[in-house]
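Student: The structure is given below, and queries will be raised subsequently.
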Amino acid sequence: MSDIGDWFRSIPAITHYWFTTTREVPLVGKLGLISLAYFILWPEASLYCFQIWRSITATFFAPVDPGTGSLYLVNLYFLYQYST
């Protein structure tokens with residue numbers, strides 16, 4: 000288990016936070032702690048209701064379900080591989 004921890008601590012800071020946020024935002028939505036509707040970039044809500052977090056959370060959100068789980072893992076791999 001220390002190998003995973005050592006690897007995770009060895010990646011650069013920006014990649015570390017980007018990877019962690021990309022992993023945690025879908026988890027928060029999947030657990031129902033925050034509604035998934037708040038993670039989607041919706042122009043009307045962003046511009047007229049001043050919900051500026053939508054442009055940030057949409058960057059980190061990826062729908063994860065049994066049909067897209069492997070695609071999500073591939074996206075995490077690409078994020079790590081090409082951002083370090």
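Numbering-wise (numbering that gives the first Met the number 0), the sequence shown opens with residue 0 and increments by one.
Idealized CB from N, CA, C, for every residue including glycine.
Quick one: Cα of P65 to Cα of F49, how far?
Tutor: Counting from 1 along the sequence shown, the entry for residue 65 is found at position 66. Counting from 1 along the sequence shown, the entry for residue 49 is found at position 50. Straight-line Cα distance between these residues: approximately 34 angstroms.
Student: Pull up the distance between the alpha-carbon of R53 and that of W17, whole angstroms please.
Tutor: Counted from its first residue, the sequence shown places residue 53 at position 54. Counted from its first residue, the sequence shown places residue 17 at position 18. Going by the C-alpha atoms only, they are around 16 angstroms apart.
Student: Quick check: what's the CA-CA separation for L35 versus V73?
Tutor: By 1-based counting over the sequence shown, the position of residue 35 is 36. By 1-based counting over the sequence shown, the position of residue 73 is 74. Cα to Cα, the separation comes out at about 22 angstroms.
Student: Suppose the cutoff is 7 angstroms on Cβ atoms and the five residues either side in sequence are ignored; what does the same chain contact list for G68 look like?
Tutor: The residue labelled residue 68 in the question sits at position 69 within the sequence shown. Answer for G68: no residue qualifies.
Student: Secondary structure at A61, three-state DSSP: helix, strand or coil?
Tutor: In the sequence shown, counting from the first residue as 1, residue 61 sits at position 62. Coil, per DSSP.
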